[in-house]
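Participant: Residue numbers (my numbering): 371 to 758.
Structural data, given as C-alpha cells:
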C-alpha cells in the first residue's frame, strides 16, 4: 500500500480521490511515498528514502526545496489554475480597496459606536474618504498566466483599459485574453503607463524587488499597486518611502510583514488569495489526481521540476526513466531492451532544462538485467517499472 503524508489540512474531497484500497493517507504516516502540502515549509524536512513525489496544493512552491528534490529524483507537482478564480475575485476587491478608502472609512465608522446622531455624523465625515472610480483608468497586469489573464479580462469588464506583459506567455494564455487587452513591450512600459499595477508572477531571482525605488521613479504620480503574488516582488521600504512622498497612493498586499502592517497607505490582507472553500477543494483534487497518476503509472503533468510526459493507459508494462538531458541516453536505453529481445510498443520523452523524463512501453516485463543496464547508463538517476 502506498503511503501519502499530509503536511497541512487537505480538503477531504481531494484526499478521497486516493483510493483506500491503494493508499494510506494521513499526517501520521511514516516512510511515505508521497507528500501533499499547502503552506508547510519542507526545506528542513528529512525526506523518507521512499519519497517519490510532492504535490503542492497551490501554484507557488517556494516552501519546497525543488533543487534538492530534483537531485533525489522526487517529482514536485503544483496545481496551476486551480485557485485562479479565487485570486481573481480578491484582485477585484483589491482594485476597489486601492481606489477607495473603504478600510479607513469602516474603522472611522466604528469609532462612532455609542454616540447619538450617527447618521448625521456619517454624512458630515464621509468626505474624508472620497475615492476614485476604476472605469476609464489603465491597469497594468504583470504576468498573464491563469490568474493574471483572468484579472485582465475582469478589469476589461469593469471598464478599465488593460495593458499586460508576460515574456513567457503561452499560446493558450494568449488566446484566453480579451481582444481589448493590449500587450506591453516590457515591464518598463507597464510601469510608466498605468494608473494601477497588479502583480501575478512567481518569486524568482529575476522578479525579486521588481517594484523598487528605481522602477517606482518611472511610474505615474499617485499610482496604486496590488501584490497578491509574493511579498518578495516588492521592496517594502521603497514603497513606504514612495507612499510618504505621495508617489504611490496606495499599496494593497496579500502578504503582510513587519514592514507593511499598520502603515498608512498600505492595505495588508492576511494571505486570503486562495482561501476559499472552492479553491481549496479544487487544489486538493488536482494535487491528488496528479499524485495518483504518477504513482500508478508514471505519467507526469504539472510538475515544476520535471517535464510533462504522459502515455495513455494500456495493458503494456512500462519503464519510466529520469535522466539528464544529454545526447545518446535514449539510444542506450532502447539498446537495453533490444538486447533482451523486448519490443518497444511506444515511447514518450520530454525535457525541462537539464532534466529529462522518458516513458517506455514494451511487449513484456523488463528483466532485472535490462533494468540494471538502464540504471548503469551515465546520466540516468531514476528507473521505475510499472505493470498493470
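The beta-carbon is built from N, C-alpha and C at its ideal position, and this holds for glycine as well.
(1) For residue 680 and residue 671, which I take to be in contact (beta-carbon distance under 8 Å), what is that distance rounded to the nearest angstrom?
(2) Please report the residue range of the beta strand (DSSP E) in which residue 594 lies.
(3) By DSSP's criteria, residue 720 is part of a beta bridge. Which residues make up the other side?
(4) Anyone know if the C-beta pair for residue 529 and residue 504 falls short of 8 Å?
(5) Could you give the DSSP three-state label for residue 540: helix, strand or coil?
(6) To the nearest angstrom, report how far apart residue 404 and residue 657 are at their CA atoms.
(7) Can you check the region 507–592 for any alpha helix (DSSP H) of at least 4 residues that lies completely inside it and give the ranges in chain order?
(8) If you reduce the DSSP assignment to three classes, tell me which class residue 690 lands in.
(9) Could you compute how far the alpha carbon of residue 547 sits from the alpha carbon of residue 494?
(10) Can you have a look at residue 688 and say buried or exposed, based on whether 16 or more other CB atoms are within 10 angstroms of its CB?
(11) Would you mind sorting residue 642 into buried or exposed? The rule is 16 or more other CB atoms within 10 Å of its CB.
(12) Could you check if residue 587 is buried or exposed, using at least 16 other CB atoms within 10 Å of its CB as the buried criterion?
(13) Give me the DSSP bridge partner(s) of residue 754.
(14) Quick one: what's residue 375 bridged to in DSSP?
(15) With 8 Å set as the bound, which would you pick, yes or no: does the beta-carbon of residue 638 sit closer than that to a beta-carbon of chain B?
(16) So, at 8 Å on beta carbons, what are the nonlocal neighbours of residue 460 in its own chain, with the 5 sequence-adjacent residues on each side left out?
(17) Between the region 412–424 and the region 547–565, are three or more C-beta pairs nearer than 8 Å?
(18) For residue 729, which of 653, 489, 667, 711 has the nearest alpha-carbon?
(19) Could you tell me the alpha carbon to alpha carbon distance between residue 439 and residue 622, rounded to whole angstroms?
(20) For a minimum of 4 consecutive residues, which ranges assigned as the alpha helix (DSSP H) are wholly contained in the region 412–451?
(21) Within the chosen definition, does the region 445–462 reach the region 510–523 through at least 3 CB pairs nearer than 8 Å?
(22) Under three-state DSSP, which class holds residue 636?
Facilitator: Let me spell this out:
(1) 6 Å
(2) 593–597
(3) 727
(4) yes
(5) coil
(6) 11 Å
(7) 516–527, 541–546, 557–563, 583–587
(8) strand
(9) 44 Å
(10) buried
(11) exposed
(12) exposed
(13) 690
(14) 396, 405
(15) The chain inventory of the structure shown lacks chain B, comprising one protein chain alone.
(16) 598, 624, 639, 642, 643
(17) no
(18) 667
(19) 34 Å
(20) 436–441
(21) yes
(22) strand
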